[in-house]
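Numbering (our numbering), first residue to last: 1219 to 1288.
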């Protein structure tokens, strides 16, 4: 059982370290979009650090909805 818990701990630790987040205490968050290589495939945001992209399919039933109300 100890091996199982060790495996789970290592798995969680590796997953947590695989994501890069902006340290908010380090200053303002900015992103330079001049590099067109950040998003090379539709809906794949893995090249953009600290940003997770969502398409937003089926968030509302109608078109023209104010995005601030979703």
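We put the beta carbon where it would ideally sit given N, CA and C, even for glycine.
Relative to the C-alpha of residue 1240, which candidate in 1287, 1266, 1286, 1279 has its C-alpha closest?
The shortest Cα separation from residue 1240 among 1287, 1266, 1286, 1279 belongs to 1266.
Using C-beta distances below 6 Å, list every residue in its chain close to residue 1277, excluding the 5 sequence neighbours before and after it, in chain order.
Excluding the 5 residues flanking it on each side, residue 1277 has same chain C-beta neighbours closer than 6 Å at 1288, in chain order.
Classify residue 1254 as helix, strand or coil using the three-state DSSP reduction.
Of the three classes helix, strand and coil, the one that applies to residue 1254 here is coil, per DSSP.
DSSP state of residue 1285, grouped into three classes?
In this structure, residue 1285 counts as helix in the three-state DSSP scheme.
Are residue 1247 and residue 1268 touching if we call contact CB-CB under 8 Å?
Yes, the Cβ-Cβ distance between residue 1247 and residue 1268 is below 8 Å.
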